[in-house]
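Colleague: Per my numbering, the sequence shown starts with residue 11, numbered consecutively. Using N, Cα and C, we set each Cβ at its ideal position, and we do this for glycine too. Note that the structure is a prediction, hence the values are computed from the model and not measured.
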Amino acid sequence: MSDLPADLYTEPRDIDVNTLANLGPLAPMAGVWEGTRGLDVKPKAEGPKKQAYVERIELQPIDPQTNGPQLLYGLRYHVHVTKPDQVKTYHDQVGYWLWEPATGALIHTLTIPRGEIAMAGGTATPDATSFELVATQGLDTFGICSAPFLNEAFKTTSFRIQVTIHPDGRWGYEEDTVLQIRGQAEPFHHTDRNLLHKVGEPTPNPLWAAALAKA
Ligand code: HEM
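1. Taking just the CA atoms, how far does Ser140 sit from Thr174?
2. Quick one: complete beta strand (DSSP E) runs, 3+ long, within the region 31-77?
3. Measuring from the CB of His200, is there a heavy atom of ligand 1 at a distance below 8 angstroms?
4. For the beta strand (DSSP E) containing Glu110, list its first residue and its last residue.
5. Roughly how many whole angstroms lie between the Cα atoms of His207 and Ala195?
6. Going by DSSP, which residues form a beta bridge with Lys208?
7. Since I believe Thr29 is in contact with Pro71 (beta carbons under 8 angstroms), could you give me their beta-carbon distance rounded to a whole number of angstroms?
8. Return yes when the C-beta of Asn204 is under 8 angstroms from any heavy atom of ligand 1, and no when it is not.
9. I'd like to know if the region 85-102 and the region 128-146 are in contact, where contact means that at least 3 CB-CB pairs between them fall below 8 angstroms.
10. Using CA coordinates, which residue listed in Tyr87, Val188 and Arg192 is at the minimum distance from Pro158?
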């Protein structure tokens with residue numbers, strides 16, 4: 011970053027603590043969602059395999075976060091995916107969606123219980139209805155880090171997610187996780203997509219809930 015401010019410590023004053031009102035393009039994603047039209051393409055020994063899935067995503071506002079002068083608003087999320095009509099977890103993921111109003115920066119962090127984390131970055135306007143974020147293995151920022159087994163057997167070299175907010179309030183994503191699988195010359199595109207409809211409203215973040223209770 012070449013445009014760092016001289017003062018790295020002073021935090022912004024008079025921060026609006028209503029996170030739901032400051033999420034920019036992420037605002038329509040706050041709440042609890044379900045999707046029944048998921049499609050996964052995953053690596054199997056015999057080659058790519060397609061699998062339908064159902065998903066529940068909870069995205070809840072967190073209190074505003076400051077890194078010195080930097081101010082971020084965000085949602086903490088949990089994704090839970092099963093095969094249709096099954097209880098067994100097919101995919102589980104936690105992390106944050108973050109928005110920096112001053113720069114239009116978007117950050118998506120993800121942790122999956124295979125021993126892997128990633129942080130994807132992008133930019134958007136506050137009213138954007140489509141945005142894309144990318145993570146690339148080996149970079150200092152917006153990278154990917156795996157535990158030893160995955161790093162050697164199924165190294166994730168890049169991750170890309172495109173979100174689309176629909177006029178009817180639903181939203182969807184398409185993501186492409188590129189894997190370098192040991193013994194295979196060509197990269198494998200582990201892809202996922204789904205369309206989500208709202209099943210629950212978001213819970214106000216702690217500071218905003220306290221302000222509402224006092225009012
Ligand atoms: C809705 C999203 C996703 C679903 C439903 C999903 C599902 C799966 C499943 C079922 C497998 C196991 C294949 C098998 O061995 O039978 C797999 C493998 C894998 N996934 Fe995902 N995945 C998703 C997203 C992601 C993301 C976002 C990443 C990383 C950025 C990721 C990284 C991997 C890796 C590295 C493997 C290889 C490990 C292995 O096959 O043992 N996945 N995924």
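Modeller: Well, looking at it:
1. Taking the first residue of the sequence shown as position 1, residue 174 is located at position 164. Taking the first residue of the sequence shown as position 1, residue 140 is located at position 130. Taking the straight line joining both Cα atoms gives about 4 angstroms.
2. Runs of the beta strand (DSSP E) inside the region 31-77: 41-54 and 57-77.
3. Here residue 200 corresponds to residue number 190 of the sequence shown, with the count starting at 1. Correct: His200 has its Cβ closer than 8 angstroms to ligand 1.
4. Here residue 110 refers to the residue found at position 100 of the sequence shown. Thr99 to Glu110 is the span of the beta strand (DSSP E), which, as asked, contains Glu110.
5. Indexing the sequence shown from 1 puts residue 207 at position 197. Indexing the sequence shown from 1 puts residue 195 at position 185. In this structure, the alpha-carbon of His207 lies about 39 angstroms from that of Ala195.
6. Position 198 of the sequence shown, counting from 1, holds the residue named residue 208. According to DSSP, which records beta bridges pairwise, Lys208 is partnered with Trp43.
7. By one-based count along the sequence shown, residue 71 stands at place 61. By one-based count along the sequence shown, residue 29 stands at place 19. 4 angstroms between Cβ atoms; contact.
8. Position 194 of the sequence shown, counted from the first residue, corresponds to residue 204. Within the cutoff, so yes.
9. no
10. One-based indexing of the sequence shown puts residue 158 at position 148. Taking only the C-alpha atoms, the option nearest Pro158 is Arg192.
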